[in-house]
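Here is the structure we will look at, set down as structure tokens.
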Amino acid sequence: MFVLIHGAWHGAWCWQTVADLLRAEGHQVFTPTLAGLGERSHLLSFDITLETHIADIVDIFTTERLDDVVLCAHSYGGWPTSGALEHIHRRVRALVFLDAHLPQDGQRGYDTSNHPEKIDEALALGQPGTDHPHASEFVSAENSAWVNDLLTKQPVGVALQPIRLTGCREAIKKKLYIRTTKYVSNRFNQCRDDARTTGWQVLETPSMHDMMIDEPKLLANILTTLAVAPLAA
Numbered sequence: 008m009f010v011l012i013h014g015a016w017h018g019a020w021c022w023q024t025v026a027d028l029l030r031a032e033g034h035q036v037f038t039p040t041l042a043g044l045g046e047r048s049h050l051l052s053f054d055i056t057l058e059t060h061i062a063d064i065v066d067i068f069t070t071e072r073l074d075d076v077v078l079c080a081h082s083y084g085g086w087p088t089s090g091a092l093e094h095i096h097r098r099v100r101a102l103v104f105l106d107a108h109l110p111q112d113g114q115r116g117y118d119t120s121n122h123p124e125k126i127d128e129a130l131a132l133g134q135p136g137t138d139h140p141h142a143s144e145f146v147s148a149e150n151s152a153w154v155n156d157l158l159t160k161q162p163v164g165v166a167l168q169p170i171r172l173t174g175c176r177e178a179i180k181k182k183l184y185i186r187t188t189k190y191v192s193n194r195f196n197q198c199r200d201d202a203r204t205t206g207w208q209v210l211e212t213p214s215m216h217d218m219m220i221d222e223p224k225l226l227a228n229i230l231t232t233l234a235v236a237p238l239a240a
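In this text, residue positions in the sequence shown follow this note's numbering: the first is 8, and each later residue adds one.
Here it is, written out as structure tokens:
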């Protein structure tokens with residue numbers, strides 16, 4: 008069973024091919040869209056905070072009675088996923104962070120954002136969401152046009168609330184951090200290094216940031232392998 012959490016400016020749509028591949032193998036797959044994004048972009052408001060997105064993840068575990076889950080978070084998704092694990096870590100079989108933020112207790116998204124200027128601009132203009140960069144920054148040229156068309160504003164409030172963590176994320180024994188080496192980012196290099204020193208297995212792959220779009224078969228294979236086999240000690 009898999010739960011796949013998207014990143015900033017994205018929605019459940021970015022996981023469609025990976026989810027189809029996993030379902031074809033007989034797995035249950037859930038791809039929630041976080042409030043204010045994707046097909047829920049009409050809900051965008053200043054009321055959406057990091058806690059809102061944490062609740063989105065916790066609620067799907069609760070309402071669907073999910074257990075023994077492989078939980079995969081992409082990019083910004085590492086923030087609400089880390090917060091949600093404070094409530095659901097006992098239901099998670101394995102944790103995968105795909106070029107995902109690895110926040111520490113007390114940090115805010117603003118403090119580690121790859122685009123803090125977009126947050127500043129939105130706040131200065133009184134806008135509840137930040138504009139997205141062009142998709143060509145993080146996905147292949149082949150896919151950049153249609154991906155760019157589907158990107159929506161990122162709720163600005165999610166970057167302003169400090170996260171509260173007590174170690175539940177690290178308590179999960181099976182953890183994999185995937186770093187896509189074609190996407191240049193000092194931030195995610197640091198997250199990779201932090202993961203390596205805190206008990207995560209690290210996998211580097213020559214992919215762009217949106218690996219789930221550019222290389223869905225490879226990612227699906229990694230996820231299914233992780234679901235059935237223990238990580239190396």
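Glycine residues also receive a C-beta, built at the ideal position from the N, C-alpha and C atoms. Treat the numbers as computed from the prediction; the structure is a model and nothing was measured.
Original post:
For alanine 101, which beta-bridge partners are listed by DSSP?
Top reply: For the purposes of this step, residue 101 is taken as the residue at position 94 of the sequence shown. Bridge partners of alanine 101: Val77.
**OP:** Just tell me which of Glu128, Leu78 and Trp153 has its CA closest to the CA of isoleucine 95.
**Re:** For the purposes of this step, residue 95 is taken as the residue at position 88 of the sequence shown. For the residues Glu128, Leu78 and Trp153, the minimum Cα distance to isoleucine 95 belongs to Leu78.
Subject >> Contained beta strand (DSSP E) runs [length at least 3] in the segment 29-82, N- to C-terminal order >> reply: Runs of beta strand (DSSP E) with 3 or more residues, each lying fully within the segment 29-82, are found at 76-81, listed in chain order.
Subject >> Sheet register partners of phenylalanine 9 (DSSP bridge) >> reply: The count along the sequence shown starts at 1 and reaches residue 9 at position 2. Per DSSP, the beta bridge partners of phenylalanine 9 are Val36 and Val77.
Original post:
Can you tell me whether tryptophan 153 is buried or exposed, with buried defined as 16 or more other CB within 10 angstroms of its CB?
Top reply: Locating residue 153 in the sequence shown gives position 146, counting from the first residue. Tryptophan 153 comes out exposed.
**OP:** Give the C-beta separation of valine 99 and valine 76 to the nearest angstrom, bearing in mind that I take them to be a contact with Cβ-Cβ under 8 Å.
**Re:** Reading the sequence shown from its first residue, position 92 is the one you call residue 99. Reading the sequence shown from its first residue, position 69 is the one you call residue 76. Confirmed, about 5 Å.
Original post:
What are the start and end residues of the beta strand (DSSP E) that includes arginine 186?
Top reply: Position 179 of the sequence shown, counting from 1, holds the residue named residue 186. Note, arginine 186: beta strand (DSSP E), 182-187.
Subject >> Inter-residue Cα distance where the pair is leucine 233 and proline 140 >> reply: Translated into the one-based positions of the sequence shown, residue 233 becomes position 226. Translated into the one-based positions of the sequence shown, residue 140 becomes position 133. In a straight line, the C-alpha of leucine 233 is about 32 Å away from that of proline 140.
Original post:
To which residues of the same chain is arginine 114 closer than 8 Å at the C-beta, ignoring the five residues directly before and after it?
Top reply: On the sequence shown, residue 114 is found 107 positions in, with the first residue counted as 1. Before going on, a small fix: residue 114 reads as glutamine here, not arginine. So the list reads Pro169 and Ile170, once near-sequence residues are dropped.
Subject >> Alpha carbon of leucine 11 to alpha carbon of leucine 132, nearest angstrom >> reply: Translated into the one-based positions of the sequence shown, residue 11 becomes position 4. Translated into the one-based positions of the sequence shown, residue 132 becomes position 125. So the two alpha carbons sit approximately 33 Å from each other.
Original post:
Which residues mark the beginning and the end of the alpha helix (DSSP H) in which glutamate 149 is found?
Top reply: Locating residue 149 in the sequence shown gives position 142, counting from the first residue. Per DSSP, glutamate 149 belongs to the alpha helix (DSSP H) from 148-157.
Subject >> Selection from Ser89, Pro39, Gly90 and Glu177 that minimises the alpha carbon distance to histidine 13 >> reply: Taking the first residue of the sequence shown as position 1, residue 13 is located at position 6. The shortest Cα separation from histidine 13 among Ser89, Pro39, Gly90 and Glu177 belongs to Pro39.
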